[in-house]
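Asker: For what it's worth, the numbering used here labels the leading residue of the sequence shown as 14, then goes sequentially.
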Amino acid sequence: MADDGYSLTKWRYHELRGLCRQYRDMLHEAITLEGKIKKYGDGEPESAGSSDKMYEVRQKATHLRKELSRIEAAAKAPEEGAWFDAIIKSCCDGIRYEEIDQAIMPTSNRNAFFRARRQFFWELSQREYANL
């Protein structure tokens, strides 16, 4: 692999790839939880020890939205979002480069795609450390 400044250890890459593969599940769960919040009450949570039964639901939905936002922000980083759809398809949905619709890619240059993909994982890693 070329040293382009976006290097990660093998284990860090596997950890981030595992997070990304949960993207659709997290998105579905966040939408479901937000539906419950709207249906049963969308008032502000009082506190963790309160009798508000929706507190945990709100907390979980907030956490999921933060994770989704982190993934989406990292996917928008390479070339100012030009690769966003292709990166989500590849990294989150597990679709191989050859199977991604070329119409959603800014170029058919394979090297450019994998450079953007490396940058995505590096950005995602940096965003996680920034949130600690």
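All C-beta atoms in this analysis are idealised placements derived from N, C-alpha and C, irrespective of residue type, glycine included.
Apart from the five residues on each side of it in sequence, which residues of its chain come closer than 8 Å, Cβ to Cβ, to Arg37?
Answerer: Closer than 8 Å at Cβ, skipping near neighbours: Cys105 and Asp106.
Asker: Less than 7 Å separating the beta-carbons of Met39 and Glu69?
Answerer: The answer is no: Cβ separation not under 7 Å.
Asker: So, Gln132 versus Tyr19, is the Cβ gap smaller than 7 Å?
Answerer: Yes, they are a contact pair.
Asker: Starting from Thr75, trace the alpha helix (DSSP H) both ways and give me its first and last residue.
Answerer: Start and end: Tyr68 to Lys89.
Asker: Taking all protein chains shown into account, decide if Arg130 is buried (16 or more other Cβ within 10 angstroms of its Cβ) or exposed.
Answerer: By the neighbour-count rule (16 or more Cβ atoms within 10 Å), Arg130 is buried.
Asker: In angstroms with no decimal places, state the Cα-to-Cα distance between Ile108 and Lys102.
Answerer: Approximately 6 Å between the Cα atoms of the pair.
Asker: Could you compute how far the alpha carbon of Leu46 sits from the alpha carbon of Lys89?
Answerer: Going by the C-alpha atoms only, they are around 25 Å apart.
Asker: Reducing DSSP to helix, strand and coil, say where Ala129 ends up.
Answerer: Helix, per DSSP.
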